[in-house]
Amino acid sequence: MKIGFIGFGNMAQALADGLLLKKAVRPEEIYVCAKHWEKLAANAAVRGVNPCRTAAEAAEKSDMVVAAVKPYLVSEVLEPIKGILRDRIVVSVAAGMPYDSYEEILAPGTHHISTVPNTPVSIGEGIIVCEQKNSLTEEEYSRFEELFSRIAVVVAVQTSQLGVAGNLSGCGPAFAAMFIEALSDGAVKHGLPRELSYRLASQMMAGTGKMQQALGTHPGAMKDAVCSPGGLTIKGVAALERGGFRGAVISAMDAVEGD
Ligand SMILES: NC(=O)c1ccc[n+]([C@@H]2O[C@H](COP(=O)([O-])OP(=O)(O)OC[C@H]3O[C@@H](n4cnc5c(N)ncnc54)[C@H](OP(=O)(O)O)[C@@H]3O)[C@@H](O)[C@H]2O)c1
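Throughout, the working numbering is defined as the position within the sequence shown, counted from one, plus 12.
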């Protein structure tokens, strides 16, 4: 599978890095284009991927084309190459650009799917939320899923859920990083060296998430399981509740969703 990235900024690089790390594609199978040539050439050189002078060139050389420019540029950038895209699989990573938006931009009959990836795809631990409504054939969807499953949990959702699911997985890393940082601050305050506190806090987050995935345990039950009566953990839980921890997190999602 040859993959073309139209736009090679943060998200496209994260996807390319994950695919290369997991050896899902070889560097010579990736074609990239962007607005500024010198920056693009440098970003391509460090990965050994092929820089292209134009979006048309990147699309022509690829089987799958990832639209990875800012949402407001998608129409302007894809419109001139829609003839080439008609014979490719088009994967959008642009936020807020569902199936219907692409139906207005792309040539009739183009096979396309809208997704929202998050940045941990760069280390093969991402989430790619994708819209159930798409125009890939079953075989193309299988190829798409097989490829991106190497770097992410691929989850298909209804169009109405694409925004909130993408926001949970896309904004979540910032919230999770804030928790790691705050937990570390607390531990440093009580004498733990900074680097060690980050290592422990991050592994604790990763391990807790993996355990929830592996066992399917209700998060409340996981919390109960480490809170012995009169013990230390329940005192910490009570302090978090006093600080409005869960309400603050829910408010963060409200803010992201524009409520
Ligand atoms: N970052 C995230 O966490 C995240 C998460 C989910 C979805 N997304 C989506 O991913 C998309 C890209 O976001 P980003 O964060 O990667 O943005 P970014 O870092 O600003 O990258 C945008 C890329 O588009 C290129 N570009 C601009 N104009 C172009 C043109 N006319 N032709 C070809 N390429 C052009 C830019 O080139 P230059 O650098 O040379 O200007 C740059 O490589 C957005 O639609 C966003 O909604 C991002």
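We treat Cβ as the ideally placed atom computed from N, Cα and C, and that holds for glycine.
Take the Cβ of residue i as the centre, count every other Cβ of all protein chains shown within 10 Å, and call the residue buried at 16 or more, exposed below.
i           : result
residue 22  : exposed
residue 305 : This structure cannot speak to residue 305, because the chain is shown only from 13 to 271.
residue 48  : exposed
residue 257 : exposed
residue 124 : buried
residue 216 : exposed
residue 161 : exposed
residue 39  : exposed
residue 238 : exposed
residue 140 : buried
residue 190 : exposed
residue 92  : exposed
residue 154 : exposed
residue 135 : exposed
residue 143 : buried
residue 251 : exposed
residue 260 : exposed
residue 255 : exposed
residue 90  : buried
residue 16  : buried
Closest to residue i by CA distance: which of the options is it?
i           : options            : result
residue 100 : 135, 251, 78, 269  : 78
residue 44  : 33, 58, 34, 35     : 58
residue 19  : 35, 40, 225, 56    : 56
residue 98  : 105, 117, 269, 238 : 117
residue 94  : 253, 213, 108, 69  : 69
residue 121 : 89, 136, 102, 267  : 102
residue 133 : 34, 237, 143, 227  : 34
residue 25  : 50, 61, 14, 13     : 61
residue 81  : 109, 145, 54, 72   : 109
residue 84  : 76, 107, 214       : 107
residue 111 : 96, 131, 130, 86   : 86
residue 46  : 246, 65, 223       : 65
residue 166 : 148, 138, 150      : 138
residue 157 : 32, 36, 202        : 36
In terms of DSSP beta bridges, what is residue i paired with?
i           : result
residue 123 : 101
residue 93  : Residue 93 is not bridged to any residue.
residue 62  : 43
residue 164 : 138
residue 16  : 43, 77
residue 129 : 140
residue 249 : Paired residues: none, contrary to the question.
residue 169 : 143
Could you please give the first and the last residue of the uninterrupted beta strand (DSSP E) stretch that includes residue i?
i          : result
residue 43 : 42-45
What first and last residue would you give for the alpha helix (DSSP H) that runs through residue i?
i           : result
residue 107 : No alpha helix (DSSP H) contains residue 107, which DSSP labels as neither H nor E.
residue 238 : Per DSSP, residue 238 belongs to no alpha helix (DSSP H) and is neither H nor E.
residue 263 : 257-269
residue 206 : 206-227
residue 51  : 49-57
residue 30  : 22-33
residue 70  : 67-72
Report the CB separation of residue i from residue j in whole angstroms; it is logged as a contact under 8 Å.
i           : j           : result
residue 30  : residue 163 : 3 Å
residue 127 : residue 104 : 6 Å
residue 179 : residue 268 : 5 Å
residue 13  : residue 148 : Their Cβ separation, rounded to whole angstroms, is 13 Å, which puts residue 13 and residue 148 out of contact at 8 Å.
residue 196 : residue 168 : Their Cβ separation, rounded to whole angstroms, is 36 Å, which puts residue 196 and residue 168 out of contact at 8 Å.
residue 96  : residue 72  : 6 Å
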